[in-house]
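Asker:
There are 2 protein chains.
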Amino acid sequence: MDALERGALADVVVLPGTTREVAEIVRVCGETRTPIVPRGGGTGFTGGAVPVRGGVVLSLERMHRILEIDEASLVAVVQPNVITGDLQDAVERVGLFYPPDPSSLRRSAIGGNVAECAGGPRAFKYGVTRHYVLGTEAVLPTGEVIRTGGRVVKNVVGYDLTQLLVGSEGTLAILTEITLRLIPKPPHAATLRATFSTIRHAVDAAARIIKARVVPASLELIDRDSLEAVAGHVGIRLAPAETGALLLIEVDGLAEQVAAEADRVESACRAAGAEELLRATTEVERQDLWRVRREISPSLLRIASRKINHDIVVPKGRIPELFDLVAALKVRFKMPIPAFGHVGDGNIHVNFMVDGADPDAVRRAQEAEGELFRGVVALDGAISGEHGIGFTKAKYLNLGVSDDTVALMKRVKYAFDPHGILNPGKIFPD
Amino acid sequence: MDALERGALADVVVLPGTTREVAEIVRVCGETRTPIVPRGGGTGFTGGAVPVRGGVVLSLERMHRILEIDEASLVAVVQPNVITGDLQDAVERVGLFYPPDPSSLRRSAIGGNVAECAGGPRAFKYGVTRHYVLGTEAVLPTGEVIRTGGRVVKNVVGYDLTQLLVGSEGTLAILTEITLRLIPKPPHAATLRATFSTIRHAVDAAARIIKARVVPASLELIDRDSLEAVAGHVGIRLAPAETGALLLIEVDGLAEQVAAEADRVESACRAAGAEELLRATTEVERQDLWRVRREISPSLLRIASRKINHDIVVPKGRIPELFDLVAALKVRFKMPIPAFGHVGDGNIHVNFMVDGADPDAVRRAQEAEGELFRGVVALDGAISGEHGIGFTKAKYLNLGVSDDTVALMKRVKYAFDPHGILNPGKIFPD
Chain A
2 MDALERGALA DVVVLPGTTR EVAEIVRVCG ETRTPIVPRG GGTGFTGGAV
52 PVRGGVVLSL ERMHRILEID EASLVAVVQP NVITGDLQDA VERVGLFYPP
102 DPSSLRRSAI GGNVAECAGG PRAFKYGVTR HYVLGTEAVL PTGEVIRTGG
152 RVVKNVVGYD LTQLLVGSEG TLAILTEITL RLIPKPPHAA TLRATFSTIR
202 HAVDAAARII KARVVPASLE LIDRDSLEAV AGHVGIRLAP AETGALLLIE
252 VDGLAEQVAA EADRVESACR AAGAEELLRA TTEVERQDLW RVRREISPSL
302 LRIASRKINH DIVVPKGRIP ELFDLVAALK VRFKMPIPAF GHVGDGNIHV
352 NFMVDGADPD AVRRAQEAEG ELFRGVVALD GAISGEHGIG FTKAKYLNLG
402 VSDDTVALMK RVKYAFDPHG ILNPGKIFPD
Chain B
2 MDALERGALA DVVVLPGTTR EVAEIVRVCG ETRTPIVPRG GGTGFTGGAV
52 PVRGGVVLSL ERMHRILEID EASLVAVVQP NVITGDLQDA VERVGLFYPP
102 DPSSLRRSAI GGNVAECAGG PRAFKYGVTR HYVLGTEAVL PTGEVIRTGG
152 RVVKNVVGYD LTQLLVGSEG TLAILTEITL RLIPKPPHAA TLRATFSTIR
202 HAVDAAARII KARVVPASLE LIDRDSLEAV AGHVGIRLAP AETGALLLIE
252 VDGLAEQVAA EADRVESACR AAGAEELLRA TTEVERQDLW RVRREISPSL
302 LRIASRKINH DIVVPKGRIP ELFDLVAALK VRFKMPIPAF GHVGDGNIHV
352 NFMVDGADPD AVRRAQEAEG ELFRGVVALD GAISGEHGIG FTKAKYLNLG
402 VSDDTVALMK RVKYAFDPHG ILNPGKIFPD
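Protein sequences, first through last, are from chains A and B. With the numbering used here, you'll find the first sequence wraps up at 431, consecutive numbering, no jumps. With the numbering used here, you'll find the second sequence wraps up at 431, consecutive numbering, no jumps.
(1) Which stretch, first to last residue, makes up the beta strand (DSSP E) that contains Gly254(B)?
(2) What alpha helix (DSSP H) runs, 4 residues minimum, are completely inside the segment 71 to 125 of chain A?
(3) Quick one: give me the first and last residue of the alpha helix (DSSP H) that His420(B) is part of.
(4) Got a sec, what are the start and stop residues for the beta strand (DSSP E) Glu138(A) sits in?
(5) What is the C-beta distance between Ile84(A) and Arg107(A), in whole angstroms, given that I count them as a contact (C-beta under 8 Å)?
(6) List the residues of chain B whose Cβ lies closer than 9 Å to the Cβ of Thr406(A), in chain order.
(7) At the level of alpha carbons, what is the spacing between Gly42(A) and Ala110(A)?
(8) How about Leu61(A) and Gly112(A): are their beta carbons less than 8 Å apart?
(9) For the segment 358 to 407 of chain B, which segments carrying the alpha helix (DSSP H) assignment without a break, of at least 4 residues, lie completely within its bounds, in sequence order?
(10) For Pro81(B), tell me which candidate among Arg40(B), Glu251(B) and Thr44(B) has the shortest Cα-Cα distance.
(11) Whose Cβ in chain B lies nearer than 7 Å to the Cβ of Ser105(A)?
(12) Give the residues of chain D in contact with Gln258(A), contact being defined as C-beta atoms less than 7 Å apart.
(13) Please report the distance separating the alpha-carbon of Leu135(A) from that of Ala383(B).
(14) I want to verify the contact list: residues of chain A whose CB lies under 7 Å from the CB of Arg412(B), in sequence order.
(15) CB Val327(B) to CB Ile338(B), shorter than 8 Å?
(16) Using a Cβ cut-off of 9 Å, which residues of the segment 127 to 140 of chain B contact any Cβ in chain A, in chain order?
(17) If we ignore side chains and look at the alpha-carbon of each, how far apart do Met2(B) and Gly31(A) end up?
(18) Taking the alpha-carbon positions, what's the Asn424(A) to Val157(B) distance?
(19) Please confirm whether Asp161(B) and Leu165(A) have their CB atoms less than 8 Å apart.
(20) Who are the near neighbours of Arg28(B) in its chain, counting only those whose CB is closer than 7 Å to its CB and skipping five residues on each side?
(21) Rounded to whole angstroms, how far is the Cβ of Gly254(A) from the Cβ of His189(A), which I believe are closer than 8 Å?
(22) At which residues does the alpha helix (DSSP H) containing Ala328(A) begin and terminate?
(23) With a threshold of 8 Å between beta-carbons, can Gly113(A) be considered close to chain B, or not?
(24) Can you find a CB in chain A that lies within less than 8 Å of the CB of Arg214(B)?
(25) Is Pro360(A) buried or exposed, if buried means 16 or more other CB atoms sit within 10 Å of its CB?
(26) Helix, strand or coil for Ala206(B), going by three-state DSSP, please let me know.
(27) Per DSSP, which one or two residues make a beta bridge with Phe353(B)?
(28) Would Lys308(B) and Asn352(B) qualify as a contact pair, given that the criterion is a beta-carbon distance under 8 Å?
(29) Could you work out which residues of chain A lie near Arg152(B), taking near to mean beta carbons separated by less than 7 Å?
(30) State the beta-bridge partners of Glu221(A) as determined by DSSP.
(31) How many Å lie between Ile70(A) and Ala77(A) at the Cα?
(32) Excluding the 5 residues preceding and the 5 following Asp381(B) in the sequence, name in chain order all residues of the same chain whose CB lies nearer than 8 Å to its CB.
(33) Given this structure, state the Cα-to-Cα distance separating Ala100(B) from Ala124(B), to the nearest angstrom.
(34) Measure from the C-beta of Val344(B) to each C-beta in chain A and report whether the shortest distance is under 8 Å.
(35) Beta-carbon of Ser268(B) versus every beta-carbon of chain A: anything under 8 Å?
(36) I'd like to know if the segment 235 to 255 of chain B and the segment 367 to 379 of chain B are in contact, where contact means that at least 3 CB-CB pairs between them fall below 8 Å.
Here is the structure:
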């Protein structure tokens with residue numbers, strides 16, 4: 002059972018404390034052809050850590066130490082079960098920064114972040130988890146312990162196995178140590194909040210911000226349905242009643258840069274027809290503006306008992322068409338579909354809200370899911386930008402990936418895991 | 002023959018104009034088990050495009066078009082033989098930016114940049130080629146045409162074959178189309194030049210710049226031997242005579258940001274004991290400060306007829322130890338070894354200067370090469386940060402990569418190229 006709220010039972014749970022113990026467990030599983038499923042924080046949305054074929058769940062919870070923060074080389078070395086937010090706190094205490102910020106960061110572990118290539122609001126400026134992973138120690142499904150990459154930011158020695166492991170959803174190797182790139186912590190930040198009458202106006206503002214040569218750390222879009230849900234949940238409106246779309250924009254850097262960028266962001270938003278425009282520079286004010294974003298998840302569960310959260314992604318220029326598609330799905334499938342997300346990346350969280358006890362509603366959500374995914378692929382997008390495929394989206398893999406490409410991915414899987422013991426039932430359709 | 006100045010003869014050269022023609026050629030080569038070597042600009046330093054096993058050289062020179070610049074989605078789609086500098090010019094005309102800047106950018110093609118994962122001075126702030134490749138169209142050695150990734154910046158649908166192809170040195174697939182991420186062009190830049198008595202002082206300045214929370218676009222270090230070579234070549238000293246190390250620092254962004262960052266860079270350099278400190282903000286002044294860097298390559302060839310250029314990389318904190326190693330090699334092997342490079346990345350170009358006609362000198366350079374590489378690996382570094390392994394460094398692959406990891410890389414190669422026809426003789430030792 003994990004964040005997905007759909008579970009499966011392991012036959013055995015093991016809690017190794019060292020790489021050597023991991024390797025020994027993997028060897029035994031290899032000899033007996035027993036499925037083995039690595040598990041960290043258990044916060045995945047697509048079931049990556051769920052043992053759908055039974056077998057051994059290999060929990061990494063005892064491997065939770067930050068091994069080193071090297072300030073001279075801007076590198077951290079961690080065990081897989083370090084909680085991402087704890088790592089951020091530790092490096093920020095010495096003036097450094099690990100930018101990837103999935104909303105689960107207070108609960109999810111860095112190993113899972115790497116396995117899924119977690120994103121977050123800061124990805125537009127700072128990139129996703131992939132861009133911070135320099136090296137790994139990994140146990141192969143065949144039992145060998147390998148090191149990939151290293152402690153350097155440029156490395157072109159052989160194939161980049163590190164980047165192949167990132168996002169491989171625990172199907173190629175078990176990560177036992179991860180070397181991460183750090184950057185200097187931006188000393189200042191400002192948050193701006195702008196409301197618009199329509200999604201198109203908000204997307205136009207985002208485009209104007211980029212035209213003004215500003216790269217915000219975050220550029221978050223929240224739609225009307227999400228705002229209504231928040232208003233219902235917290236009891237007061239956090240944005241004007243007639244708001245059709247809300248942008249939350251954060252800029253960061255040196256104080257002078259933050260001031261200059263915030264001015265440009267304001268001008269861009271006004272030029273795009275912003276209705277209400279707020280700017281916050283103190284930490285307290287900033288957290289106040291971010292509140293509407295943080296309240297979305299708890300609020301949505303008041304609309305319906307079950308939230309089916311899709312993290313689709315489209316090219317930025319096609320976001321308005323994506324919202325047209327969502328609007329059509331709402332009408333056709335008769336359900337609320339609040340949507341919000343990272344407009345700078347085109348990565349939008351589309352939430353099908355259904356009564357989990359109503360089989361007809363669940364069936365409609367499943368149909369709508371297929372329609373959404375086909376529409377996203379038609380917009381040159383991808384069915385997952387952050388959560389991965391796991392087992393919940395495996396049947397849709399071939400929507401955007403050709404048979405030849407899936408066959409090649411399977412040959413890559415075979416190169417790592419000839420007996421198919423590592424995290425079976427994930428990514429690939431049966 | 003290419004930039005390496007060591008050639009081999011192809012049996013046939015083909016110049017396909019379309020992906021379909023590439024696929025047909027590959028199919029014929031597959032049936033006849035003929036080696037096939039993709040070739041773009043021919044500017045590689047490790048012989049990636051040299052047909053060491055003969056066979057077919059597949060030149061991509063006719064596939065040189067920029068197919069699309071999508072300003073709304075910040076994406077460019079190009080054929081492989083677009084010259085990197087031409088792409089930069091084209092996107093900058095619409096206010097966008099493709100940052101990777103290998104010094105060959107006026108001659109090298111984007112396909113080769115992707116195959117080698119080219120870097121450049123701007124990598125510290127902006128990353129290397131890998132960080133800008135979103136998707137590819139590629140012809141597999143087995144003849145299938147696949148698409149990897151897409152037009153979106155976040156994509157976690159299956160294994161990231163795109164990132165596996167980047168840096169694979171043309172051994173896994175032939176790229177026929179590449180989709181690149183663009184960012185807004187920073188409107189302003191300033192260049193600073195600081196001289197120091199020793200390498201350690203210069204590296205200390207770089208560390209202080211980072212402590213001041215500034216991320217320069219470029220942070221270039223030039224050693225005394227390189228400066229002496231430039232002075233000899235251009236006839237005047239471009240830096241004071243007693244300079245032990247020179248830093249070239251470029252900051253970019255909005256005008257306010259550039260001014261604030263340049264101030265902090267100056268303070269950091271002064272605190273580290275800078276002797277001469279210059280700041281340029283106009284394009285003409287900036288180019289003048291960069292002149293010393295640009296003159297290095299032509300100048301070195303005045304010292305000796307042959308330059309053996311190594312692009313090793315060490316963790317930033319270990320750069321002083323690297324220069325200690327270089328100093329020891331100079332004495333031991335009795336040859337000039339000017340060194341310069343990207344101090345922000347720890348990626349330093351170490352140049353063994355020898356008389357190409359003197360077999361004893363060449364032998365000493367080969368011995369020194371082995372010593373350098375072993376020393377770099379002992380410093381937790383890598384033997385190549387930018388140029389790849391090709392055939393010239395293949396025998397050193399296992400210095401920093403274990404046998405188990407090499408074996409895994411070979412299984413990955415097999416997953417793509419079961420008959421071993423694509424660019425044989427590269428990366429892996431015989």
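No residue lacks a Cβ here, since even glycine has one placed at the ideal position from N, Cα and C. Treat the numbers as computed from the prediction; the structure is a model and nothing was measured.
Answerer: Quick answer:
(1) Here residue 254(B) is taken as the residue at index 253 of the second sequence, counted from 1. From DSSP, the beta strand (DSSP E) with Gly254(B) extends over Ala246 to Gly254.
(2) 85 to 93 and 111 to 117
(3) Here the question's residue 420(B) lines up with position 419 in the second sequence. Note, His420(B): premise wrong, no alpha helix (DSSP H); not H, not E.
(4) Here residue 138(A) is taken as the residue at index 137 of the first sequence, counted from 1. Element bounds for Glu138(A): Val134 to Val140.
(5) If you number the first sequence from 1, residue 84(A) lands on position 83. If you number the first sequence from 1, residue 107(A) lands on position 106. Their Cβ separation, rounded to whole angstroms, is 7 Å, which keeps Ile84(A) and Arg107(A) in contact under 8 Å.
(6) Locating residue 406(A) in the first sequence gives position 405, where the first residue counts as 1. Ordered by position in chain B, the residues that pass the 9 Å Cβ test against Thr406(A) are Glu145, Ile147, Arg148, Thr149, Gly159 and Leu162.
(7) Translated into positions along the first sequence, residue 42(A) becomes position 41. Translated into positions along the first sequence, residue 110(A) becomes position 109. Those two C-alpha atoms are separated by around 5 Å.
(8) Mapped onto the first sequence, residue 61(A) falls at position 60. Mapped onto the first sequence, residue 112(A) falls at position 111. Contact flag set, yes.
(9) 360 to 379 and 398 to 401
(10) On the second sequence, residue 81(B) is found 80 positions in, with the first residue counted as 1. Of the candidates Arg40(B), Glu251(B) and Thr44(B), the one whose C-alpha sits nearest the C-alpha of Pro81(B) is Arg40(B).
(11) Here the question's residue 105(A) lines up with position 104 in the first sequence. Ordered by position in chain B, no residue passes the 7 Å Cβ test against Ser105(A), which lies about 15 Å from the chain.
(12) No chain D appears in the structure shown, which is made up of the protein chains A and B.
(13) Position 134 of the first sequence, counting from 1, holds the residue named residue 135(A). Position 382 of the second sequence, counting from 1, holds the residue named residue 383(B). Roughly 12 Å between the two C-alpha positions.
(14) Here residue 412(B) refers to the residue found at position 411 of the second sequence. At a C-beta separation below 7 Å, Arg412(B) has these neighbours in chain A: Ala416.
(15) Residue numbering aside, residue 327(B) sits at position 326 when the second sequence is read from its first letter. Residue numbering aside, residue 338(B) sits at position 337 when the second sequence is read from its first letter. Yes, Cβ-Cβ distance for Val327(B) and Ile338(B) is below 8 Å.
(16) Listed in chain order, the positions of the segment 127 to 140 of chain B with a beta carbon within less than 9 Å of a beta carbon of chain A are Gly128, Val129, Arg131 and His132.
(17) Locating residue 2(B) in the second sequence gives position 1, counting from the first residue. Locating residue 31(A) in the first sequence gives position 30, counting from the first residue. Only weak support is given to the placement of Met2(B): the predicted model assigns it a pLDDT of 45, under 50, and the question is left unresolved by the model.
(18) Taking the first sequence and counting its residues from 1, one reaches residue 424(A) at position 423. Taking the second sequence and counting its residues from 1, one reaches residue 157(B) at position 156. Each residue's Cα considered, the two are about 17 Å apart.
(19) If you number the second sequence from 1, residue 161(B) lands on position 160. If you number the first sequence from 1, residue 165(A) lands on position 164. Cβ atoms of Asp161(B) and Leu165(A): closer than 8 Å.
(20) Walking along the second sequence from the start, residue 28(B) turns up at place 27. Cβ within range, chain order: Gly144.
(21) Within the first sequence, numbered from 1, the residue matching residue 254(A) stands at position 253. Within the first sequence, numbered from 1, the residue matching residue 189(A) stands at position 188. Between His189(A) and Gly254(A) the Cβ distance is about 7 Å, and since that is below 8 Å, they are a contact.
(22) Position 327 of the first sequence holds residue 328(A). Ile320 to Phe334 is the span of the alpha helix (DSSP H), which, as asked, contains Ala328(A).
(23) Position 112 of the first sequence, counted from the start, is the residue given in the question as residue 113(A). The C-beta of Gly113(A) comes no closer than 8 Å to any C-beta of chain B.
(24) The residue given as residue 214(B) occupies position 213 in the second sequence. For Arg214(B), the closest Cβ of chain A is nearer than 8 Å.
(25) The count along the first sequence starts at 1 and reaches residue 360(A) at position 359. It counts as exposed.
(26) Mapped onto the second sequence, residue 206(B) falls at position 205. Note: Ala206(B) maps to helix in three-state DSSP.
(27) On the second sequence, residue 353(B) is found 352 positions in, with the first residue counted as 1. Looking at the DSSP output, Phe353(B) bridges to Ile309(B).
(28) Position 307 of the second sequence, counting from 1, holds the residue named residue 308(B). Position 351 of the second sequence, counting from 1, holds the residue named residue 352(B). In contact: Lys308(B) and Asn352(B) (Cβ atoms closer than 8 Å).
(29) Here residue 152(B) refers to the residue found at position 151 when the second sequence is read from its first residue. Near Arg152(B) (Cβ distances below 7 Å), the residues of chain A are Pro316 and Asp381.
(30) On the first sequence, position 220 is the one that residue 221(A) refers to. Leu249(A) and His343(A), per the DSSP bridge assignment.
(31) Numbered from its first residue, the first sequence carries residue 70(A) at position 69. Numbered from its first residue, the first sequence carries residue 77(A) at position 76. Answer to the nearest angstrom: the Cα atoms are 4 Å apart.
(32) For this step, residue 381(B) is matched to residue 380 along the second sequence. Contacts found: Val315, Pro316 and Arg319.
(33) Mapped onto the second sequence, residue 100(B) falls at position 99. Mapped onto the second sequence, residue 124(B) falls at position 123. In the sequence as presented, Ala is not what sits at residue 100(B); that position holds Pro. Distance between the alpha carbons of Pro100(B) and Ala124(B) is about 8 Å.
(34) To locate residue 344(B), count along the second sequence from 1; it is residue 343. Val344(B) does not count as touching chain A.
(35) Residue 268(B) sits at position 267 when you count from the first residue of the second sequence. Cβ-Cβ to chain A under 8 Å: no for Ser268(B).
(36) no
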